[in-house]
Amino acid sequence: MIELALRNRIELDKATSRRNLVSRKVLLKSDEPTGDVILDEALKHVKETQPPETVVSWIEYLSGETWNPLKLKYQLRNVRERLAKNLVEKVF
């Protein structure tokens, strides 16, 4: 989520005095591909989701930490292994 925000692909909805950071919704800012397979997959999920979800919800969905059967489609398959492989490829 941080990478997508740093690349100007997502943003949080406007803050109000009664809402803290974790309860704010993630909004699509640009659906332009990032060039990173994992980030583009996450971006596609954010784009397809209505109504928008919170930061905490997205972290749970994308990491596979959710037990909500309706949200299983948002899980990034083998995300830890894929991230590790990407890091190794970038180093060598």
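For the sequence shown, full-length UniProt numbering gives the first residue as 1, with consecutive numbering after it.
Idealized CB from N, CA, C, for every residue including glycine.
Exercise for the section: Give, in chain order, every unbroken run of the beta strand (DSSP E) that is at least 3 residues long and sits entirely within the stretch 26-78. Expected result: Secondary structure in the stretch 26-78: the beta strand (DSSP E) runs of 3 residues or longer, each lying completely within the stretch, are 26-28 in chain order.
Exercise for the section: Determine, using beta carbons only, whether R7 and K29 come nearer to each other than 7 angstroms. Expected result: Stepping through the sequence shown from its first residue, residue 7 is reached at position 7. Stepping through the sequence shown from its first residue, residue 29 is reached at position 29. Between R7 and K29, the gap from beta carbon to beta carbon reaches 7 angstroms or more.
Practice task
Could you check if L15 is buried or exposed, using at least 16 other CB atoms within 10 Å of its CB as the buried criterion?
Solution key: Translated into the one-based positions of the sequence shown, residue 15 becomes position 15. Leu is not the amino acid found at residue 15; the sequence shown has Ala there. Sixteen is the threshold: since fewer than 16 other Cβ atoms of the shown chains lie within 10 Å of the Cβ of A15, the residue is exposed.
Problem - Burial state of L62 (16 or more Cβ within 10 Å) - result: Here the question's residue 62 lines up with position 62 in the sequence shown. Under this definition L62 is a buried residue.
Practice task
Give every residue of the same chain whose Cβ lies closer than 7 angstroms to the Cβ of E3, excluding the five residues on either side of it in the sequence, and list them in chain order.
Solution key: Walking along the sequence shown from the start, residue 3 turns up at place 3. Result list for E3: L39, in chain order.
Practice task
Examine chain D for any beta-carbon lying closer than 7 angstroms to the beta-carbon of V91, and answer yes or no.
Solution key: Given the protein chain composition of this structure (a single chain), no chain D is represented.
Practice task
State the beta-bridge partners of I10 as determined by DSSP.
Solution key: Counting from 1 along the sequence shown, the entry for residue 10 is found at position 10. Answer is L28.
Problem - Close beta carbons around R24, own chain, < 6 angstroms, minus the five adjacent residues each side - result: Your numbering for residue 24 matches position 24 in the sequence shown. If we look at R24 and ignore the five residues flanking it on each side, its Cβ neighbours are L12, D13.
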